[in-house]
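Student: First the structure, which I've put down as structure tokens, then a few questions once you've had a look.
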Amino acid sequence: MRFIDWLDERLAIRQLIKVMMTEYYVPKNINFLWSFGVLIVLMLVILIISGVFLLMYYKPDANLAFDSVNKTIMMDVAYGWIFRHVHAVGASIMFLLLYVHMARGIYYGSFKPPRELVWLTGYVLFVLMSATAFTGYLLPWGQMSYWAAQTITTLFEKIPFIGPDLVIWIRGHFIVEDPTLTRFFALHVVFLPLLLIIVTAVHLYAVRIVGSNNEDGEPIPKEEKKKKGIPFWPVFMSKEFFVMAVFLTFFFFLVFFHYEFAMDPINFIPADKLQTPPHIYPEWYFLAYYEVLRGFFFSQNLGLIAFVLSMFIAMFLPWLDRSPIVSGKHRPLFQIAFWIFVFDFVFLTILGKLPPTGLYAWLGLIGSIIFFAFFFSLPIISRIERKQLENGGKK
Amino acid sequence: MEKEERMQENNENMSRRDFLLYTMGAWATVGVGYALYAMYKTWEPLPEVMAQATVEFDLSTVKPGELKVISWRGKPVFILHKTEDMNECPNRTVAGHYTVVIGVCTHLGCIPNWEADKKIWHCPCHGGEYDACGVNIFGPPPRPLDIPPFKLKGNVIVLGEEGPEYKKMISG
Numbered sequence: 026m027r028f029i030d031w032l033d034e035r036l037a038i039r040q041l042i043k044v045m046m047t048e049y050y051v052p053k054n055i056n057f058l059w060s061f062g063v064l065i066v067l068m069l070v071i072l073i074i075s076g077v078f079l080l081m082y083y084k085p086d087a088n089l090a091f092d093s094v095n096k097t098i099m100m101d102v103a104y105g106w107i108f109r110h111v112h113a114v115g116a117s118i119m120f121l122l123l124y125v126h127m128a129r130g131i132y133y134g135s136f137k138p139p140r141e142l143v144w145l146t147g148y149v150l151f152v153l154m155s156a157t158a159f160t161g162y163l164l165p166w167g168q169m170s171y172w173a174a175q176t177i178t179t180l181f182e183k184i185p186f187i188g189p190d191l192v193i194w195i196r197g198h199f200i201v202e203d204p205t206l207t208r209f210f211a212l213h214v215v216f217l218p219l220l221l222i223i224v225t226a227v228h229l230y231a232v233r234i235v236g237s238n239n240e241d242g243e244p245i246p247k248e249e250k251k252k253k254g255i256p257f258w259p260v261f262m263s264k265e266f267f268v269m270a271v272f273l274t275f276f277f278f279l280v281f282f283h284y285e286f287a288m289d290p291i292n293f294i295p296a297d298k299l300q301t302p303p304h305i306y307p308e309w310y311f312l313a314y315y316e317v318l319r320g321f322f323f324s325q326n327l328g329l330i331a332f333v334l335s336m337f338i339a340m341f342l343p344w345l346d347r348s349p350i351v352s353g354k355h356r357p358l359f360q361i362a363f364w365i366f367v368f369d370f371v372f373l374t375i376l377g378k379l380p381p382t383g384l385y386a387w388l389g390l391i392g393s394i395i396f397f398a399f400f401f402s403l404p405i406i407s408r409i410e411r412k413q414l415e416n417g418g419k420k
Numbered sequence: 030m031e032k033e034e035r036m037q038e039n040n041e042n043m044s045r046r047d048f049l050l051y052t053m054g055a056w057a058t059v060g061v062g063y064a065l066y067a068m069y070k071t072w073e074p075l076p077e078v079m080a081q082a083t084v085e086f087d088l089s090t091v092k093p094g095e096l097k098v099i100s101w102r103g104k105p106v107f108i109l110h111k112t113e114d115m116n117e118c119p120n121r122t123v124a125g126h127y128t129v130v131i132g133v134c135t136h137l138g139c140i141p142n143w144e145a146d147k148k149i150w151h152c153p154c155h156g157g158e159y160d161a162c163g164v165n166i167f168g169p170p171p172r173p174l175d176i177p178p179f180k181l182k183g184n185v186i187v188l189g190e191e192g193p194e195y196k197k198m199i200s201g
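Here it is in structure tokens:
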């Protein structure tokens, strides 16, 4: 008896492989943008492995953390620097992959029925990944780590009634201190990755039930899956391996030659709770949201509300964009809105790093309004397209 | 007849099952509630942190013209015994003679230095200046240095508790 048969009798492994891999069909009319999902899984694996090795020498203590990273891991541990640079660059590139993956979903309408849960679980994954990145950024206990955590936790102070007490509860101290570091550490290395893995499993399960979307947003009935699709394993993955190879070349080029973009020089100064760095800014992947926070420069409260809304509004896309036409490929009006939104996001990201004064303050306000205008234009565009379709049907 | 009996029996069974189900549900809710409460409590500041919530300081130990810096909730607090040649500001003066302010620049959180010859606080980061009352007189700071909540017990100032003098100062 072959081992696989022995396993099959006990775990129905053949059935599992069929459902997950060999009889899960990916549509033929897709482009390279559909390869980013697997790249994200690859990136998550790289982050977990590099993270485990960093964990072996990292010390979660306000007095020891900085040296355990900048001395022990960077100088003493053989190849420790590789693991740190892989982890830092990996976190950065993870967000690049996530943004492309999400933009693909928005453009081709991959969030529309029946894929609402694919979108929702995916969005939860994005929020979880953001929380993981934020908690992880505090761990080296440098100046930028410290003041990023200090500023972001201070935002909770504005919540009516419970705000000031809530901030102290989150920090475990009146300021960001050792208790804050240790609880962020626990969240970063155990709780959030665990949730990420669980929700990823649900996300991948959901996409196997409803199937991948395609360039034309064409629904593919069960009977046509074989004709209009290719098996995920081995056909799709054989192509994906090529994309992975290209991606890893790019990734390790960054790790070895341009890691400094993920390593802010200010963070090589140990955290000093009595000295704020002159300019505080988040990592590039949060700059657009940060700019929305600053964009409403005349009202701190309005900025805060806009900031929270900007982080979560995309979650409601399935209910904002209810156009019967699924793919953006066949929606000229939506294409205009989409590309304005993409350029606006890039624009906000650039502005986020510039000082919020004079002209930049006004540009930030305009950029922030355009950000929201995209989401609020979707119900209108949907209605226009529905009417066009109805009129077209009559003719 | 037999059928009815069976139904009655069934109903009884159902209600007994429901009772058990609700009891278990209620009991589990209590358990989960306590577990969540315990988790909430673990994140509260430890006693050693709460000990820093209030700080007592004897104002009479500061000589006229002298500045002392004490630590309260991880932040520096400036205590200046004012002399007559310094600005007057009754609504920012504690116990008749003292300026008590949190020593964190209201611009971007740097710590200003006291320049005794000019009788001002000068912030090294962006050149903001505050007079002996802690009021911003030059540069980017948007507002005067903050006054920490305090209570007076004779010569002793308790930082972190709101006494009548503090409330009067804030409302006035």
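From first to last, the protein sequence lines are chains A and B.
75 is the number that this note's numbering gives to position 50 of the first sequence; each next residue is one higher, with no gaps.
62 is the number that this note's numbering gives to position 33 of the second sequence; each next residue is one higher, with no gaps.
Using N, Cα and C, we set each Cβ at its ideal position, and we do this for glycine too.
(1) To the nearest angstrom, how far is the alpha carbon of Met100/A from that of Phe181/A?
(2) Give a yes or no on whether the minimum CB-CB distance between Thr176/A and chain B is below 7 Å.
(3) Taking only beta carbons into account, state which residues of the segment 123-155 of chain B come closer than 7 Å to chain A, listed in chain order.
(4) Please go through the same chain and pick out, in chain order, the residues whose beta-carbon is closer than 6 Å to the beta-carbon of Ser60/A, but skip the five residues on each side of it.
(5) In angstroms with no decimal places, state the Cα-to-Cα distance between Ile255/A and Val235/A.
(6) Short of 7 Å in beta carbon distance, which residues of its chain neighbour Leu191/A, apart from the five on each side in sequence? Order them along the chain.
(7) Below 8 Å on the Cβ atoms is my guess for Ala331/A versus Val317/A; work out the distance and round it to an integer in Å.
(8) Is Pro141/B helix, strand or coil when you go by DSSP?
(9) Between Asp87/B and Val185/B, which are expected to be in contact by the criterion C-beta below 8 Å, what is the C-beta distance as a whole number of angstroms?
(10) Phe199/A and Gly103/B: beta carbons closer than 7 Å?
(11) Drop a sphere of 10 angstroms on the beta-carbon of Ala87/A, count the other beta-carbons inside from all chains shown, and report buried for 16 or more, exposed for fewer.
(12) Suppose you measure from the CA of Val125/A to the CA of Met68/A; what does that come to, to the nearest Å?
(13) Do Thr128/B and Lys111/B count as a contact pair if the criterion is CB distance below 7 Å?
(14) For the candidate residues Phe136/A, Leu58/A and Trp172/A, whose alpha-carbon lies nearest to that of Arg295/A?
(15) CB Thr179/A to CB Pro85/A, shorter than 7 Å?
(16) So, helix, strand or coil for Leu181/B, using DSSP?
(17) Interface residues of chain B around Glu202/A at Cβ under 8 Å?
(18) What's the gap between the Cα of Pro349/A and the Cα of Ser402/A?
(19) Quick one: is Lys298/A near chain B, going by C-beta distance under 7 Å?
(20) Could you tell me which of Leu220/A, Asp92/A and Leu79/A sits nearest to Ala103/A, measuring between CA atoms?
(21) Check this for me: beta carbons of Tyr50/A and Phe363/A, under 7 Å apart or not?
(22) Below 7 Å between beta carbons: does that hold for Asn292/A and Met169/A?
(23) Which residue wins for smallest C-alpha separation from Leu219/A, given the options Ala156/A, Trp194/A and Phe368/A?
(24) Does DSSP put Lys252/A in a helix, a strand or coil?
(25) Rank Cys134/B, Lys92/B, Glu77/B and Lys70/B by C-alpha distance to the C-alpha of Phe167/B and give the top, closest one.
(26) Note down the Cα distance separating Val187/B from Met336/A, rounded to an integer number of angstroms.
(27) Just confirm the distance between the C-beta atoms of Leu217/A and Thr160/A, as a whole number of angstroms; I'd bet it's less than 8 Å.
Tutor: Well, looking at it:
(1) Their Cα atoms are separated by approximately 38 Å.
(2) No, Thr176/A lies away from the interface with chain B (no Cβ there is under 7 Å from its Cβ).
(3) Within the segment 123-155 of chain B, those residues whose Cβ lies closer than 7 Å to any Cβ of chain A are, in chain order, Leu137, Gly138, Cys139, Ile140 and Cys154.
(4) Taken in chain order, the residues that qualify are Glu265 and Val268.
(5) One Cα belongs to Ile255/A, the other to Val235/A, and the distance between them is close to 15 Å.
(6) The residues are Phe181 and Ile184.
(7) Right, their Cβ atoms sit about 5 Å apart.
(8) Residue state, collapsed to three classes: coil.
(9) With a Cβ gap of about 5 Å, Asp87/B and Val185/B count as contacting.
(10) In contact: Phe199/A and Gly103/B (Cβ atoms closer than 7 Å).
(11) Buried, since its Cβ has 16 or more Cβ neighbours within 10 Å.
(12) One C-alpha to the other measures close to 14 Å.
(13) Yes, the pair counts as a contact, with Cβ atoms nearer than the cut-off.
(14) Per the sequence presented here, residue 295/A reads as Pro, with Arg not at that position. Nearest of Phe136/A, Leu58/A and Trp172/A to Pro295/A, Cα basis: Trp172/A.
(15) No. Outside cutoff.
(16) Three-state DSSP puts Leu181/B in a strand.
(17) Chain B residues near Glu202/A: Val78 and Gly103.
(18) Distance between the alpha carbons of Pro349/A and Ser402/A is about 16 Å.
(19) Answer yes: the Cβ-Cβ gap between Lys298/A and chain B drops below 7 Å somewhere.
(20) Residue Leu79/A is the option with its Cα nearest to Ala103/A.
(21) Result no, Cβ atoms of Tyr50/A and Phe363/A do not sit closer than 7 Å.
(22) Cβ atoms of Asn292/A and Met169/A: closer than 7 Å.
(23) Distance from the Cα of Leu219/A is smallest, within the candidate group Ala156/A, Trp194/A and Phe368/A, for Ala156/A.
(24) Note: Lys252/A maps to helix in three-state DSSP.
(25) Closest option to Phe167/B, Cα to Cα, is Cys134/B.
(26) Cα to Cα, Val187/B sits roughly 42 Å from Met336/A.
(27) Right, the Cβ-Cβ distance comes to about 7 Å (below 8 Å), so this counts as a contact.
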